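Undergrad:
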Amino acid sequence: MTVNHPRSGAPCKISPRGASMIIRKVRDQPRTTRQDLVNDLKRAGTTVSKKTISNTLRRHGLKSCSARKVPLLKPAHVQARLKFANDHLDDPEEEWEKVMWSDETKIELFGLNSTCRVWRKKKDEYNPKNTIPTMKHGGGNIILWGCFSAKGTGRLHRIEGRMDGAMYREILANNLLPSVRALKMGRGWVFQHDNDPKHTARATKEWLRWTKFGLLTRALTHNNRNISHHTTSQQLTPMSSHEVSQPKQSRLAEVLQLGSDILPQYKQEAPKTPPHIILHYCTFKTTWDWVILVLTFYTAIMVPYNVSFKTKQNNIVWLVLDSVVDVIFLVDIVLNFHTTFVGPGGEVISDPKLIRMNYLKTWFVIDLLSCLPYDIINAFENVDEGISSLFSSLKVVRLLRLGRVARKLDHYLEYGAAVLVLLVCVFGLVAHWLACIWYSIGDYEVIDEVTNTIKTDSWLYQLAINLGSPYCYNASGSGQWEGGPGKDSLYITSLYFTMTSLTTIGFGNIAPTTDGEKIFSVAMMMVGSLLYATIFGNVTTIFQQMYANTNRYHEMLTNVRDFLKLYQVPNGLSERVMDYIVSTWSMSKGIDTEKVLSICPKDMRADICVHLNRKVFNEHPAFRLASDGCLRSLAGEFQTIHCAPGDLIFHAGESVDTLCFVVSGSLEVIQDDEVIAILGKGDVFGDVFWKETTLAHACANVRALTYCDLHIIKREALLKVLEFYTAFANSFSRNLILTCNLRKRVRLKQ
1 MTVNHPRSGA PCKISPRGAS MIIRKVRDQP RTTRQDLVND LKRAGTTVSK KTISNTLRRH
61 GLKSCSARKV PLLKPAHVQA RLKFANDHLD DPEEEWEKVM WSDETKIELF GLNSTCRVWR
121 KKKDEYNPKN TIPTMKHGGG NIILWGCFSA KGTGRLHRIE GRMDGAMYRE ILANNLLPSV
181 RALKMGRGWV FQHDNDPKHT ARATKEWLRW TKFGLLTRAL THNNRNISHH TTSQQLTPMS
241 SHEVSQPKQS RLAEVLQLGS DILPQYKQEA PKTPPHIILH YCTFKTTWDW VILVLTFYTA
301 IMVPYNVSFK TKQNNIVWLV LDSVVDVIFL VDIVLNFHTT FVGPGGEVIS DPKLIRMNYL
361 KTWFVIDLLS CLPYDIINAF ENVDEGISSL FSSLKVVRLL RLGRVARKLD HYLEYGAAVL
421 VLLVCVFGLV AHWLACIWYS IGDYEVIDEV TNTIKTDSWL YQLAINLGSP YCYNASGSGQ
481 WEGGPGKDSL YITSLYFTMT SLTTIGFGNI APTTDGEKIF SVAMMMVGSL LYATIFGNVT
541 TIFQQMYANT NRYHEMLTNV RDFLKLYQVP NGLSERVMDY IVSTWSMSKG IDTEKVLSIC
601 PKDMRADICV HLNRKVFNEH PAFRLASDGC LRSLAGEFQT IHCAPGDLIF HAGESVDTLC
661 FVVSGSLEVI QDDEVIAILG KGDVFGDVFW KETTLAHACA NVRALTYCDL HIIKREALLK
721 VLEFYTAFAN SFSRNLILTC NLRKRVRLKQ
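Sequential numbering of the sequence shown, starting at 1, is according to full-length UniProt numbering.
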């Protein structure tokens with residue numbers, strides 16, 4: 001029988017010593033390539049192929065595999081991710097759309113930024129020698145910072161050199177907010193970065209707080225992946241539980257503010273206050289001051305009436321109501337001990353000791369006397385009438401609270417309608433007070449205390465006879481005069497007399513007869529004449545102020561008509577002029593924008609200009625990468641013009657020295673009596689000044705088809721801004737595409 005013995009084959013080209021050498025090198029340097037091993041053996045005197053190298057290493061259990069990346073997550077990171085996912089499992093999609101993400105990455109300039117291979121055994125994939133380490137710096141590559149959200153990508157910034165905390169803060173300052181604005185993320189957006197040491201450094205956190213970014217840490221992360229939320233909201237004031245809606249609240253506080261000095265709406269940061277201290281201009285305190293104001297007016301009406309007519313609060317409803325008012329005034333005293341005030345130098349005083357000392361020296365005594373429960377004392381039947389009246393009269397000190405409001409009324413005197421309503425209320429309140437005094441004098445003098453007889457010439461006696469309810473002497477009972485008109489009739493009659501006297505009408509059916517009544521009537525006539533002249537004499541002025549804009553409008557129309565008639569302007573052109581003036585006035589309400597801007601300081605003027613041109617900046621991609629300083633410079637150079645139908649913005653042949661952005665309306669471009677384009681909202685026309693060195697001649701007419709609003713910028717102003725902001729100039733030149741370039745003629749195919 002024939003047996004085949006196994007053949008050993010060709011002899012191995014690599015000696016055992018050579019095999020040990022290449023295996024030792026691969027174990028020390030797993031990324032060694034087959035060509036490197038071929039070269040090493042060649043230098044040792046052995047020439048082999050790459051295939052032989054692979055077979056030799058495979059026989060020793062080493063295979064060529066893709067290098068794994070460094071393990072990203074440790075068990076703590078996995079738990080943090082799981083907790084974060086569970087916490088936000090039910091978050092709506094709208095919340096995630098408001099998140100702005102940011103991170104840094106490395107891009108290789110030389111070699112491959114792709115998978116590399118290593119020689120390893122089967123279970124050694126995560127051996128540090130067999131993994132790709134995380135690279136933060138090094139030669140032959142660049143580091144980029146970028147941000148993105150669900151609405152798109154933001155700016156991309158190249159990091160020069162090694163990034164530190166200062167460089168990171170500079171990157172955020174120059175790139176974050178412009179990216180948010182370009183992506184139109186609106187208010188309440190959230191910024192998120194990882195917990196890299198540069199991001200969590202104390203200086204970075206302080207900078208974020210200084211720039212009005214509130215921080216909220218939500219989870220832990222590992223060394224290079226973004227799991228933690230450092231949440232920041234785009235607000236103009238520091239984030240807190242009661243200041244999230246501060247822009248709206250500050251305006252509400254400004255309008256309602258009465259009981260404290262109004263601070264400017266533009267403030268950098270709310271002052272830090274100790275616990276249990278209330279800012280005097282916050283919305284709660286302002287609303288509370290309005291409640292106190294309403295109750296003060298209630299007191300101003302009811303206190304004189306109760307004191308004069310000596311009414312005991314037998315009605316339980318009125319007694320409870322007045323008691324509630326007293327309790328509210330007591331609460332107001334407590335709040336005033338915990339409310340800040342403005343010091344002599346204009347600073348906000350929040351020291352509790354100084355607040356209490358200031359209140360004790362000013363309004364405390366008056367407020368305390370005005371809130372004592374006099375009505376409860378007055379309600380007891382066994383209290384002497386004189387003592388009861390004395391206690392009730394002390395409530396008159398509550399009227400001094402009106403002085404705290406009067407010094408704030410000048411804030412509202414600019415509004416004619418408010419002044420008119422205020423004057424009418426003051427007139428009615430004074431008439432009410434005088435009516436109460438008039439009745440008190442009549443009630444005191446109607447009965448002769450010496451003879452215990454009634455004076456038949458008193459107006460109270462005459463009123464009682466006319467109403468059929470005369471005074472009667474109760475000889476068998478109390479021995480006093482009883483009866484007479486009811487308190488409602490007495491008050492209405494007293495108010496009627498004071499009104500006729502204050503308005504200088506004086507019908508005479510109610511006339512003073514006693515010396516006291518005559519003296520009071522003389523004094524009331526003097527007060528009435530002054531009050532009448534002050535209030536009703538200003539009615540004409542108030543109405544003139546209310547219709548001042550209308551009068552200016554009609555005066556302007558009259559002047560324009562006289563001008564057109566004087567210079568015999570053709571009817572067609574006259575109609576266009578009148579149409580333009582009427583439409584422009586309806587848009588601007590006669591407000592001179594330039595005059596208003598000239599009053600404001602530079603910084604505020606720039607903010608207003610950015611707001612006025614917000615449609616241009618938000619809608620055109622050319623401005624997306626502009627920094628805040630660049631936008632403020634551009635906004636100051638923009639002008640807004642209003643065009644009526646038929647107006648020519650450019651004539652063919654004239655110089656094109658402006659760049660025009662269409663905000664509303666429609667225009668047509670006419671070349672050689674043919675319409676070659678229709679322009680609408682969002683279109684841009686003019687010339688590419690930044691690419692040309694000379695002025696261009698317009699090759700077509702641009703005429704308005706409807707009422708149009710255009711935002712224009714002059715050539716010189718635009719070039720000046722682009723020259724200063726060179727980085728923006730490149731982006732602007734690349735992203736701005738003219739809808740109609742008036743430098744170039746359009747060739748129409750025949």
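A virtual CB, placed ideally from N, CA and C, is assigned to each residue, including glycine.
Please read these numbers as outputs of a predicted model, since none were measured by experiment.
If you count every other CB in all the chains shown that lies within 10 Å of the CB of I505, and 16 or more means buried, which is it?
TA: The residue is exposed, with fewer than 16 neighbouring Cβ atoms inside 10 Å.
Undergrad: What does the Cβ neighbour count give for P512, buried or exposed, with the cut at 16 atoms within 10 Å?
TA: Answer is buried; the Cβ neighbour count reaches 16.
Undergrad: Report the three-state DSSP secondary structure of G468 (helix, strand or coil).
TA: Coil.
Undergrad: Anyone know if the C-beta pair for L738 and V675 falls short of 8 Å?
TA: Not a contact, by the Cβ cut-off of 8 Å.
Undergrad: Ends of the alpha helix (DSSP H) at A622?
TA: No alpha helix (DSSP H) holds A622; DSSP gives it neither H nor E.
Undergrad: From what residue to what residue does the alpha helix (DSSP H) around V365 run?
TA: Looking at the DSSP string, the run of the alpha helix (DSSP H) that includes V365 is F364 to S370.
Undergrad: Are the CB atoms of R117 and S66 within a distance shorter than 8 Å?
TA: Yes, Cβ-Cβ distance for S66 and R117 is below 8 Å.
Undergrad: Taking the straight line between their C-alpha atoms, what separation do you get for R251 and W585?
TA: Legend: pLDDT at R251 = 44, less than 50; position of this residue unreliable, no value from coordinates given.
Undergrad: For L557 and D592, I'd like the C-alpha separation in whole angstroms.
TA: The alpha-carbon atoms of L557 and D592 are separated by roughly 17 Å.
Undergrad: Quick check: what's the CA-CA separation for R624 versus W290?
TA: Going from the Cα of R624 to the Cα of W290 covers about 45 Å.
Undergrad: Helix or strand or just coil, what does DSSP make of T32?
TA: T32: coil per DSSP, three-state reduction.
Undergrad: Return the residue from the list Q29, T47 and I641 that minimises the CA-CA distance to K13.
TA: Checking every option, the nearest Cα to that of K13 belongs to T47.
Undergrad: Under the three-state reduction of DSSP, which class applies to E482: helix, strand or coil?
TA: Here E482 sits in strand by DSSP.
Undergrad: Rounding to the nearest angstrom, what Cα-Cα distance links H280 and W288 in this structure?
TA: So the two alpha carbons sit approximately 10 Å from each other.
Undergrad: Short check: CB of Y532 to CB of T503, under 8 Å?
TA: Their beta carbons are under 8 Å apart, which means Y532 touches T503 by this criterion.
Undergrad: Could you spell out the range, first to last residue, of the beta strand (DSSP E) harbouring D709?
TA: Counting along the chain, the beta strand (DSSP E) containing D709 begins and ends at C708 to K714.
Undergrad: Rounded to a whole number of angstroms, what is the C-alpha to C-alpha distance between V446 and Y461?
TA: About 7 Å.
Undergrad: Shortest alpha-carbon distance to H60 belongs to which of F84, M21, P92 and V320?
TA: Nearest of F84, M21, P92 and V320 to H60, Cα basis: M21.
Undergrad: If you follow the alpha helix (DSSP H) that Q544 is in, where does it begin and where does it stop?
TA: Where Q544 is concerned, the enclosing alpha helix (DSSP H) stretches over V539 to M546.
Undergrad: Taking the C-alpha atoms as reference points, what is the distance between K42 and R17?
TA: The straight-line gap from Cα to Cα measures roughly 14 Å.
Undergrad: Would you decide whether E104 is buried or exposed? Buried here means 16 or more other CB atoms lie within 10 Å of its CB.
TA: Its Cβ being crowded by 16 or more others within 10 Å, E104 is buried.
Undergrad: With a threshold of 6 Å on Cβ separation, who are the neighbours of F329 within its own chain once the five nearest residues in sequence on each side are excluded?
TA: These residues qualify, in order along the chain: C371.
Undergrad: Do the stretch 185 to 192 and the stretch 94 to 101 meet, that is, are 3 or more Cβ pairs less than 8 Å apart?
TA: A contact exists between the stretch 185 to 192 and the stretch 94 to 101.
Undergrad: Whose C-alpha, out of E619, D673, S666 and Y725, is nearest the C-alpha of L736?
TA: Closest option to L736, Cα to Cα, is E619.
Undergrad: Which of the three DSSP states is assigned to V522 in this structure?
TA: Three-state DSSP puts V522 in a helix.
Undergrad: Could you compute how far the alpha carbon of W690 sits from the alpha carbon of G152?
TA: Whole-angstrom Cα-Cα distance: 28 Å.
Undergrad: Beta-carbon within less than 6 Å of L722's beta-carbon, same chain only, minus the 5 sequence neighbours each way: which residues are those?
TA: Closer than 6 Å at the Cβ level, and outside the excluded window around L722, lie W690 and A729.
Undergrad: Which residue's Cα is closest to the Cα of L634: V616, F650, D647 and P645?
TA: Closest option to L634, Cα to Cα, is V616.
Undergrad: Taking only the alpha-carbon atoms, compute the straight-line gap between G646 and A727 and give it to the nearest angstrom.
TA: Roughly 40 Å between the two C-alpha positions.
Undergrad: Determine whether the Cβ of K50 lies closer than 8 Å to any Cβ atom of chain D.
TA: No chain D appears in this structure, which consists of one protein chain only.
Undergrad: Just verifying my parser: in three-state terms, what is the DSSP assignment at Y281?
TA: Coil at Y281, not helix or strand.
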